[in-house]
Amino acid sequence: MFFLLLVLSGTRSLSGQATIRGAVYSATTGDPLSGVNLVTRQGDTLARTDTLGLFEMIVPQDSLFRVWKPGYLEELIRWDGQPAVTINMQPFAFNLDEVEVEAYLPSRNATLQPQLLRQQAILALDPISIERSLNTIPGVYMQTGQNNTNRITIRGAGSRTLFGTDKVRAYWNHIPLTDGAGESTLEDLDLQLADEIRVYRGPTSALFNAGLGGAIHVVSSLNSDRPFLYQGQALVGSFGTWGLRNEVQTQVGEHLRMSFSQARQVSDGYRANQFYRRDNLATMGQWIQGRHVLQWMLQWIETKGFLASSINEKTFRTNPAEAAANWAGVKGYEYYVRLLGGVHYAYALDRRNSWHAAVYQNRRDGFERRPFDTFDDLHNLLGWRSFWQYEGDRMHIVLGAESSREAVTDNYFETLESGTGPFISADPQKRQHLDAFGQWSWQTNNWVFAASGQLQKVHYRFANTYDFPVIFSPGFRVTRQLPRDQQVHLLINKGVSVPGPDVVRNEDRTLIPGLLPEQGWNLEGQYVYHGSQGLQLQANVYYLWVRDQLVLRRLTETISKVINAGSTGMFGVEINASYPWVLGSHTLTQTLAYTFADYRFLDFEDGDNNYSGNRLPGSPKHRVNYQLGWEYRDRWHALVQLIAQDRLPLRDDGSAWGDGYFLMHFNAGYAFQLGKWQFDAFGQVDNLTNTLYASMFLINAGSFGGAAPRYYYPGMPRSFRLGLRWKI
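Position 484 of the sequence shown, counting from 1, maps to 471 under the numbering used here, and the rest follow consecutively.
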């Protein structure tokens, strides 16, 4: 790793780069605009205007750059070769493409940035799965057992969860993707609709209700300047994999732009009983007139995926393509239809004040055939979110609230060889969430001071009610802008994770009284460097202390229950570095992401067993993700990705460990044009070395009837994929 950092810091451009000067003015008043950010299309800072609206910068290799300032419409500029540039910006009370607060700001704005994944980078790594992209972010760990079995953890939060993602909030623009149980689902969405994905690591964003793990914010907009746009993608691959996607965007009059998209993904699967099919239909719209902006989104998702489930170590090493016998025996599968939609309205009160409001629905109608029972569920969540935003020259204020109510109907049936058996029981539930949030920041000279707070109230209703106390989570941050494009951030934040409805009850559905949310304090320092020659470096050091840890305490040999009986300490270091090396018409881009995670139980006793000091299961101590990309004349492109991961504990007591592994992926493509049609043909080889590895682990897996615990979800062996993208 040290050698790679030396390479990243030591390379230099071997070709000349043009320098331009210019000025930015208001298109309505003609006044010079200070604090305007000029950035590359990837978001890297080029320059920022001074008090007279003047700037000087090195032109990017593609001659394209974005111009951005709060209160004005974003501009995409193509340099025409002139040494001086004049830019006129249209005023507005908020950024129409990113109608949000705590948005990503270029580095010179001296604000704590989320980690960014832009659509181009996501497609370059894997056009049908988000896993490879998320795992390029230090501190983020996504495991995929199969297409419909995933777990996302950020800085260890949720690593002991058996299935799903339960300590990370997720949003699509201003529409929450997290359900009433606190679980977030991203893997079934058509993420090619997203312009970028922003990841907030740890409890750093009260505005997105970031819990102990953080938040994932999917941002989409209809920002094409074409009156009509059609684009699509087709691909085929190993193990019966194929996909087809089509999207149309159109301008209707002067104020309305809409899009319609369709996507289908199918795979026979590498393992037995692993067929998967998903269909996505979506429409998005944006209406802008005067001070009003109305945005909407509606996604319909139908998924059917058979379940191979996890297997024991012996089967994993001798026959990883085999499904778990009990799931294969009943041909277990999951089927659901999901409807996700919302409307977001924004109104500019004046040039500095704006008001935002959103209403949304997340409905899921599912059916799952399992060896032990058949599960038929209907979840319907309705909610709203509203906030007021003030954007001054130095001060920024946001005050808002968010609320949701989810009605759940769960029905259980016997599983018979011939199909669904007799009715067993019903489990109706209601889940209510209310969050109030606020943030204040003040910028003076090279300093930024910020404070935030979040109030959270959660209520479950079964046959009886279950209330959690109102919890206040504050946060504070100080940022210092240093010379030579450097920043230092110091922050302390409190995070909360509320137990889900399945956690607060025993197996017989009786309530476990007195459970408290897990609460933690995060102390963090961040160093950021944006070099003028393209070197980008970011390093984070943090310590997260969590109390009231939920643990499963064994009362007798056959009876156990969940209690607040533990605490954990999570120390981590995250390093992210990248550098583009330009050699004439060739561009080599190196990216390195390193995660060090030492997560341990500070206090955890289970009967006579003391696990204090043990490693927290589910998180490897070391992970490295290295990418080397190559581009030639905006036509040829290739990417090599190397992934190395340390071994990790699989049980609280440290008695079982999962092996580390090394993976290599490769893809290449050629972009060309035929008339008005633009094409990109690409090929991909995953797991080039055909490594046997587990792509997901079942933590603290149980064993029944003397059978070995089933910890392992085998990862894909060497596989191939060919595809074509088009646009007109």
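All C-beta atoms in this analysis are idealised placements derived from N, C-alpha and C, irrespective of residue type, glycine included. Given the structure is predicted, the values throughout are model-derived calculations rather than measurements.
*Leaving out the 5 sequence neighbours to the left and right, which residues in its chain are closer than 6 Å to V206 when beta-carbon positions are compared?*
D182 and E183
*Please confirm if the stretch 492 to 506 is in contact with the stretch 515 to 526, defined as three or more CB-CB distances below 8 Å between the two stretches.*
no
_Distance CB(G512)-CB(V528) smaller than 7 Å_ = Closer than 7 Å, so yes.
*Sub-7 Å separation of D590 and G553 beta-carbons*: In this structure, G553 lies closer than 7 Å to D590 by Cβ.
*A71 and R8: beta carbons closer than 7 Å?*
yes
*When DSSP builds the beta bridges, which residues end up paired with V475?*
R467 and Y514
*Just mark R622 as buried or exposed, buried being the case when its beta carbon has 16 or more other beta carbons within 10 Å.*
With fewer than 16 other Cβ atoms within 10 Å, it is exposed.
*Which word fits A5, buried or exposed, when buried means at least 16 other C-beta atoms lie within 10 angstroms of its C-beta?*
exposed
*Using three-state DSSP, classify G316 as helix, strand or coil.*
helix
*Straight-line gap, Y619 to T576 (C-alpha atoms, nearest Å)*: 12 Å
*Look at the Cβ atom of V457, then the Cβ atom of H420, and state whether they are nearer than 7 Å.*
no
*Express the C-alpha separation of F52 and S248 in angstroms, rounding to a whole number.*
28 Å
*Would you call Q676 buried or exposed, if buried means 16 or more other Cβ atoms sit within 10 Å of its Cβ?*
Checking the sequence shown, residue 676 turns out to be Thr, not Gln. So T676 ends up on the exposed side.
*Pair every Cβ in the stretch 453 to 469 with every Cβ in the stretch 127 to 140, then say whether three or more of these pairs are closer than 8 Å.*
no
*C-alpha distance - G406 paired with F400, whole-angstrom precision*: 10 Å
*Candidates N596, T574, P604 and H366: closest to R587 by CA position*: Nearest option by C-alpha distance: P604.
*In terms of residues, what are the limits of the alpha helix (DSSP H) holding K301?*
E300 to T305
_Own chain residues within Cβ distance below 6 Å of A526, not counting five before or after_ = Y514 and I562
*Please work out which residues of its chain come closer than 6 Å, Cβ to Cβ, to I298, disregarding the five sequence neighbours upstream and downstream, and give them in chain order.*
A311, R697 and Y699
*Rounded to a whole number of angstroms, what is the C-alpha to C-alpha distance between A345 and A643?*
47 Å
*Going by C-alpha distance, which of A108, G40 and L103 is nearest N75?*
G40
*What are the boundary residues of the beta strand (DSSP E) that includes L110?*
First-last for L110: Q106 to L112, but that is the alpha helix (DSSP H), not the beta strand (DSSP E).
*Have a look at T228 and N509 and give me their C-alpha separation to the nearest angstrom.*
In a straight line, the C-alpha of T228 is about 42 Å away from that of N509.
*Taking only the alpha-carbon atoms, compute the straight-line gap between W434 and T152 and give it to the nearest angstrom.*
36 Å
*Please work out which residues of its chain come closer than 6 Å, Cβ to Cβ, to A695, disregarding the five sequence neighbours upstream and downstream, and give them in chain order.*
N299
*L281: first and last residue of the uninterrupted beta strand (DSSP E) it sits in*: H279 to F293
*According to DSSP, is R338 helix, strand or coil?*
coil
*DSSP three-state assignment for S706, whether helix, strand or coil*: Per DSSP, reduced to three states, the secondary structure at S706 is strand.
*Are A631 and F653 closer than 7 Å when you measure CB to CB?*
no
*Below 7 Å CB to CB, which residues in the same chain sit around L718 once its five sequence neighbours on both sides are set aside?*
The structure shown does not extend to residue 718, since the chain spans only -12 to 715, so no value can be given for it.
*Just reading off the beta strand (DSSP E) that R784 is part of, what are its end residues?*
Nothing can be reported for residue 784: it is not among the residues displayed for the chain, which extend from -12 to 715.
_Using a 10 Å radius around the Cβ and a threshold of 16 neighbouring Cβ atoms, would you call V239 buried or exposed?_
exposed
*Among the residues of its own chain, which have a CB less than 6 Å from the CB of N367, if the five just before and after it don't count?*
R350 and A394
*So, are the CB atoms of N612 and A580 less than 7 Å apart?*
yes
_S341 and Q376 closer than 7 Å at C-beta_ = yes
*Return the chain-ordered ranges of every beta strand (DSSP E) run that is complete within the stretch 600 to 627 and spans a minimum of 3 residues.*
The qualifying runs are 609 to 619.
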